[in-house]
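Scroll down for the structure; my scribbles are underneath it.
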Amino acid sequence: MEEALNTTIDPACLQEPPLAIDVIKGMDSFEFCLYCMLTFMSCVSLVLYLEQCVFIYNHMPYPKKTTIIWVNGAAPVIATMSCFGMWIPRAVMITDMTSNCYFAVVVYKVLVLMIEELGGTNMFLERFSGKTVRINTGPCCCYCACLPRVPMTRRLLFWLKVGALQYAILKTALSVVSVVLWTNGNFDLSDLEITGTAIWINPFIGVLTIISLWPVAIVFMNSNSFLLSLNIVPKYAMYQLVLVLSQLQTSIINILALDGTIACAPPFSSIARGSLLSQQMMIMEMFIITLVCRFLYRRTYDKLPPEAHDNHLNAQVSLQAALVEHDV
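Right, here's the structure in full:
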């Protein structure tokens, strides 16, 4: 019975991902057109990003321009690496590591961007001086309504930055370790045994991800009302969308491939085919996000007035309203 079962499995479904030349030789006309179209999308994303970098560099002040360039590069970098992974299936481990490491830095840069949009660290602390901020935000404590509001201090802001920065550092270090172990045959996503390295490294990276997203969410929830004129809500939404698509969507597809839900299609095994589908979807999604981010970031804004100026304007408006009411 076992021998009969083994004979029904295509040997290609148990092999490593094919070489790039084997992928090209096995293409039909539809697949070739699909690959060319996706490659064109990734190239356009990269060209638009480079042109956007020139615009930002010439029209934005330092250090805000470097932060915006980093944040803008998330979608084009992921699209470019996905294109490499689509054409060269055996390089997926390297391309995914590059994309994930870059996005880990972007998580920290998003927090820095919101602080810089408010005028920098000193202006940020001055704006929240004597005020308390919410910390019951996602993804850690969105349901903990009992958490008290805490005063925004320089120490708290420092720990918020550390919470986001640790992901950029540790994610990069663990990704390098994973690639080194993978080249030696010790890191395999399909190995779910307790003795496997993937079963230990990946959950730990997941915990680091959740910890890093919390400080960014805290800063956004407490500063978005000041940054509405700078389109901070759609910008933050694009960052969250890249996060969901590059992390959650990829993880779901990998799980389905490991479970065998995504069928083997020689010369691609189930895992390789799941990775291929993920790369192709990522290119199309990141291309759209690149276009949206180009619209959001390709503009200049006036500096936000200090809080004292805002209070003065509000007081003048209230006084004028009171005088009008008194005259009536």
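Residue numbers are given in the numbering used here: position 19 of the sequence shown equals residue 338, and the series is strictly consecutive.
Heads up, the beta-carbon is just placed ideally off N, CA and C, and yes, glycines get one too.
Can you list, in chain order, the residues of its chain whose CB lies under 8 angstroms from that of residue i, leaving out five sequence neighbours each side?
i              : result
glutamate 435  : Pro382, Lys383, Thr386
proline 428    : Sequence inspection shows lysine at residue 428; the proline mentioned does not correspond to that position. Result list for lysine 428: Thr386, Trp389, Val390, in chain order.
isoleucine 530 : Cys459, Gly482, Gln485, Tyr486
glutamine 334  : Pro586, Ser588
asparagine 541 : Phe447, Val452, Arg453, Met471
Look up residue i in the DSSP assignment and say whether it is helix, strand or coil.
i                 : result
phenylalanine 614 : helix
threonine 514     : coil
threonine 385     : helix
methionine 346    : coil
glutamate 335     : coil
threonine 619     : coil
isoleucine 407    : coil
methionine 412    : helix
leucine 357       : helix
phenylalanine 477 : helix
Please work out which residues of its chain come closer than 7 angstroms, Cβ to Cβ, to residue i, disregarding the five sequence neighbours upstream and downstream, and give them in chain order.
i              : result
threonine 358  : Cys402
asparagine 543 : Ile551, Val552
leucine 432    : Thr386, Ile387, Val390
Only counting the same chain, and skipping five residues up and downstream in sequence, which positions put a Cβ closer than 6 angstroms to that of residue i?
i                 : result
phenylalanine 443 : Ile434, Leu437
valine 411        : Gly404, Ser594
serine 361        : Ala398, Thr399, Cys402, Ile602
Mind checking who residue i pairs with in its DSSP beta bridge?
i           : result
valine 538  : Answer is none; valine 538 lacks a bridge partner.
proline 470 : Thr451
alanine 584 : Phe587
* contact_flag[the stretch 481 to 488, the stretch 393 to 405] where n(CB pairs < 8 angstroms) is 3 or more -> no
* Asked: So, do the stretch 603 to 616 and the stretch 368 to 379 have three or more beta carbon pairs nearer to each other than 8 angstroms?
  -> yes
* Contained beta strand (DSSP E) runs [length at least 3] in the stretch 420 to 449, N- to C-terminal order -> none
* Are there three or more Cβ pairs, one per stretch, closer than 8 angstroms when the stretch 410 to 427 is compared with the stretch 495 to 503? -> yes
* Examine the Cβ distances between the stretch 464 to 476 and the stretch 563 to 580 and report whether three or more of them are shorter than 8 angstroms. => no
* Counting pairs of Cβ atoms below 8 angstroms between the stretch 507 to 514 and the stretch 420 to 427, do you hit three or more? -> no
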